[in-house]
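Asks: Handing you this structure, nothing more for now.
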Amino acid sequence: MFLLVLLLYRWAIVIPHFTNVFSQEEVKKQTQLESAYTSGGLKRILFWTPFFSGTSLKDVGLTEEGDGYQTFCPYRCKFTTNKNLLHLSDAVLFHSRDLQTNGVNGLWESRNIPETRNWTQHWVFYYFESAEYTVVPLNAFNNVFNQTISYRLDSDIYAPYSRLLPRSLEEINNYARVSETIKKKTKMAAWIVSHCVTKSKREDLVAQLKKYFPIDVYGYCGDLECPGNRQISCYKEIGHTYKFYLSFENSLCEDYVTEKFFNALNAGMVPVVYGGANYLHHAPEGSYISVNSFNSTQDLATYLLMLDKNQTEYLKYFEWKKWLKVDEISMLPRAWCTLCERLTVGSFPKGRVVQDLNDWWFHKQGTNSPACSPPNHQLLDY
């Protein structure tokens, strides 16, 4: 009995019961809205922080507040950014980049964290940038969050930037037409980039490869403008012309594979990948070319030039398209749907907290090794 009382006491310190942080007038204004929200028994998910300064549901890939129905998800939840609904929310989401800590003595004071909380709520940390570009000191948030959402495989909700799905029979039958389109490509390699100097030194790798074949660079760091007014349309346009796309990540971190890899696959280019992830977790062997499979940039260039001249060998990199396709639903809506499902079916473990968020995020799963690796100096010819 004493042990039970002690555990409950410790739990109360970490996750105190909710006390209202809003004025009586503010709460009174919410009466009608709360009544509408409590009908139907739907779970409510509150985005407490902005998402890269965006404060609307559209900024996180959702439609505005309504009946909880989102076209991409078979489960229904109420999504909101209204902080007055804090005490009525089943889950509260916090975006790492928008957590503003004071950074003093590891305290987790922040104007973007509620001062009090309901112990029945799930507080969820989410972030999709790499550990190399995590600017908030996460040790200020140990023992705060209950669940995590990120691109990491060991997240509570695994949210990759995209994924491959099986094709329908009709789509399989259309593969021959796709194959004919691929045969018409006339240029070697393209790269779309806006982050010019990176931790991975990918810009140095591109400079090395340019010694062997031309690479057209689009975007802020290049001299070519992207066709189309959106990134996806840009990939589709250049996909008609280029055989290879340089899918080089800005940091070499565990499980970190961004949209550029999937955009290249979807646009009909062969991704040449440079990153810290195991790409077989994302796509089948023979759908991409890994820089790390070669001993030097010259060896890599020699192989790519061979494929450029040998159409039969080049087309083998599209065999996967007979059976698989890139998911049309983007990362954010997919993550929110999974969260909604977990809340609805009650599959989250009760009473769990992420004790050392900082250690988890900055280290590889189950090890003391850093989550991110230094650049491959052998390939960069340093």
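For the sequence shown, my numbering begins at -8 and goes up steadily by one.
Glycine included, each C-beta is placed from N, C-alpha and C at the ideal position.
(1) Helix or strand or just coil, what does DSSP make of Pro150?
(2) Between Lys300 and Lys355, what straight-line distance do the alpha-carbon atoms span, to the nearest angstrom?
(3) Quick check on DSSP: helix, strand or coil for Phe309?
(4) In whole angstroms, what separates the C-alpha of Val282 from that of Glu194?
(5) Mind checking which residues open and close the beta strand (DSSP E) that includes Gln138?
(6) With 16 as the cutoff for other CB atoms within 10 Å, does Gln302 come out buried or exposed?
(7) Who are the near neighbours of Ala255 in its chain, counting only those whose CB is closer than 6 Å to its CB and skipping five residues on each side?
(8) Under the three-state reduction of DSSP, which class applies to Lys190: helix, strand or coil?
(9) Please classify Asn286 as buried or exposed, where buried requires at least 16 other C-beta atoms within 10 Å of its C-beta.
(10) What did DSSP end up calling Ala181 once you bin it into helix, strand or coil?
(11) Going by C-alpha to C-alpha distance, which of Cys187, Leu371 and Val51 sits closest to Cys212?
(12) Measuring only the C-alpha atoms, how far is Pro340 from Thr249?
(13) With a cut-off of 8 Å, do at least 3 Cβ pairs link the stretch 342 to 358 to the stretch 120 to 139?
(14) For Trp114, report the span of its beta strand (DSSP E) as first-last.
(15) In terms of alpha-carbon separation, which member of Ile206, Ser159, Lys192 and Gln199 lies closest to Lys178?
(16) Just curious, the alpha helix (DSSP H) that Asp290 is in, first and last residue?
(17) Does the stretch 100 to 120 come close enough to the stretch 312 to 321 to have 3 or more Cβ pairs within less than 8 Å?
(18) Just tell me which of Val127, Asn109, Thr107 and Glu106 has its CA closest to the CA of Phe116.
(19) Quick check: the stretch 306 to 315 against the stretch 30 to 48, are there 3 or more CB pairs under 8 Å?
(20) Check whether chain C comes within 8 Å of Tyr294, counting only Cβ atoms and requiring the distance to be less than that.
(21) Hey, would you say Trp110 sits closer than 8 Å to Phe85, going by beta carbons?
(22) Where does the unbroken beta strand (DSSP E) through Phe252 begin, and where does it stop?
(23) Could you check where the alpha helix (DSSP H) with Ser224 kicks off and where it finishes?
(24) Based on the DSSP output, what are the partners of Ala82 in its beta bridges?
(25) Have a look at Gln61, Pro275 and Lys312 and flag the residue whose alpha-carbon is nearest the alpha-carbon of Asn257.
(26) Mark Leu(-3) as exposed unless 16 or more other C-beta atoms lie within 10 angstroms of its C-beta, in which case mark it buried.
(27) If you run the structure through DSSP and keep just helix, strand and coil, what is Leu129?
(28) Determine the extent of the beta strand (DSSP E) in which Cys68 is found, giving its start and end residues.
(29) Is it buried or exposed, Leu291, if we count other Cβ atoms within 10 angstroms and call 16 or more buried?
(30) Where does Ile320 sit, in a helix, a strand or coil, going by DSSP?
(31) For the beta strand (DSSP E) that contains Asp207, what are its first and last residues?
(32) Measure from the alpha carbon of Ser364 to the alpha carbon of each residue in Tyr226, Asn165, Ser191 and Thr288, then state which is nearest.
Replies: Taking the geometry as given:
(1) Looking up residue 150 in the sequence shown gives position 159. Strictly speaking, residue 150 in this sequence is Ala, with Pro absent from that position. In the displayed model, Ala150 falls within coil according to three-state DSSP, outside both helix and strand.
(2) Numbered from its first residue, the sequence shown carries residue 300 at position 309. Numbered from its first residue, the sequence shown carries residue 355 at position 364. Rounded to the nearest angstrom, the two C-alpha atoms are 40 Å apart.
(3) Along the sequence shown, read from residue 1 onward, the residue named residue 309 stands at position 318. It is helical.
(4) The residue labelled residue 282 in the question sits at position 291 within the sequence shown. The residue labelled residue 194 in the question sits at position 203 within the sequence shown. When the Cα atoms are used, Val282 and Glu194 turn out to be separated by approximately 14 Å.
(5) Start at 1 with the first residue of the sequence shown, and residue 138 comes out as number 147. In the DSSP annotation of this structure, the continuous segment of the beta strand (DSSP E) that includes Gln138 starts and ends at Gln138 to Ser141.
(6) Position 311 of the sequence shown, counting from 1, holds the residue named residue 302. Counting of Cβ neighbours within 10 angstroms places Gln302 among the exposed residues, the total staying below 16.
(7) In the sequence shown, counting from the first residue as 1, residue 255 sits at position 264. Cβ contact annotation for Ala255 (same chain, cutoff 6 Å, sequence separation greater than five): Tyr236, Ser238 and Pro262, in chain order.
(8) Taking the first residue of the sequence shown as position 1, residue 190 is located at position 199. Here Lys190 carries a coil assignment [DSSP, helix/strand/coil].
(9) Position 295 of the sequence shown, counted from the start, is the residue given in the question as residue 286. By the C-beta density criterion, Asn286 is exposed, having fewer than 16 other C-beta atoms within 10 angstroms.
(10) Taking the sequence shown and counting its residues from 1, one reaches residue 181 at position 190. Strand.
(11) As a working mapping, residue 212 is identified with position 221 in the sequence shown. Closest option to Cys212, Cα to Cα, is Cys187.
(12) The residue labelled residue 340 in the question sits at position 349 within the sequence shown. The residue labelled residue 249 in the question sits at position 258 within the sequence shown. Rounded to whole angstroms, Pro340 and Thr249 show a C-alpha spacing of 29 Å.
(13) The count of Cβ pairs closer than 8 Å, one atom from the stretch 342 to 358 and one from the stretch 120 to 139, reaches three, so the stretches are in contact.
(14) Translated into the one-based positions of the sequence shown, residue 114 becomes position 123. Residues His113 to Tyr118.
(15) For the purposes of this step, residue 178 is taken as the residue at position 187 of the sequence shown. Among Ile206, Ser159, Lys192 and Gln199, the Cα nearest to that of Lys178 is on Ile206.
(16) Indexing the sequence shown from 1 puts residue 290 at position 299. Segment Thr288 to Lys300, the alpha helix (DSSP H) holding Asp290.
(17) Not touching, per the Cβ criterion.
(18) Here residue 116 refers to the residue found at position 125 when the sequence shown is read from its first residue. Closest by alpha carbon: Val127.
(19) With a cut-off of 8 Å, the stretch 30 to 48 and the stretch 306 to 315 do not count as touching, because too few Cβ pairs lie within range.
(20) Judged by its chain identifiers, the structure shown contains no chain C, having just a single protein chain.
(21) For this step, residue 110 is matched to residue 119 along the sequence shown. For this step, residue 85 is matched to residue 94 along the sequence shown. Trp110 is not a Cβ neighbour of Phe85, given a cutoff of 8 Å.
(22) Counting from one through the sequence shown, the residue named residue 252 turns up at place 261. Where Phe252 is concerned, there is no enclosing beta strand (DSSP E), although the alpha helix (DSSP H) around it starts and stops at Glu250 to Asn257.
(23) Indexing the sequence shown from 1 puts residue 224 at position 233. Here the alpha helix (DSSP H) through Ser224 covers Gln222 to Gly230.
(24) For this step, residue 82 is matched to residue 91 along the sequence shown. In DSSP, Ala82 forms a bridge with Ile36 and His113.
(25) For the purposes of this step, residue 257 is identified with residue 266 of the sequence shown, where counting begins at 1. Checking every option, the nearest Cα to that of Asn257 belongs to Lys312.
(26) Taking the first residue of the sequence shown as 1, we reach residue -3 at position 6. Per-residue confidence for Leu(-3) stands at a pLDDT of 38, beneath the threshold of 50, marking its modelled position as unreliable; the derived number appears in the next sentence. Around the beta carbon of Leu(-3), fewer than 16 other beta carbons sit within 10 angstroms, so the residue counts as exposed.
(27) For the purposes of this step, residue 129 is taken as the residue at position 138 of the sequence shown. Helix.
(28) As a working note, residue 68 is residue 77 in the sequence shown. It spans Cys68 to Thr71 - the beta strand (DSSP E) in which Cys68 sits, taken as one unbroken run.
(29) Taking the sequence shown and counting its residues from 1, the one referred to as residue 291 is at position 300. By the Cβ neighbour-count rule, Leu291 is buried, with 16 or more other Cβ atoms within 10 Å of its own.
(30) For this step, residue 320 is matched to residue 329 along the sequence shown. The answer is coil: DSSP assigns Ile320 none of H, G, I, E or B.
(31) Within the sequence shown, numbered from 1, the residue matching residue 207 stands at position 216. In the DSSP assignment, Asp207 falls within the beta strand (DSSP E) that extends over Ile206 to Tyr209.
(32) The residue labelled residue 364 in the question sits at position 373 within the sequence shown. Measuring from the Cα of Ser364, the nearest candidate turns out to be Ser191.
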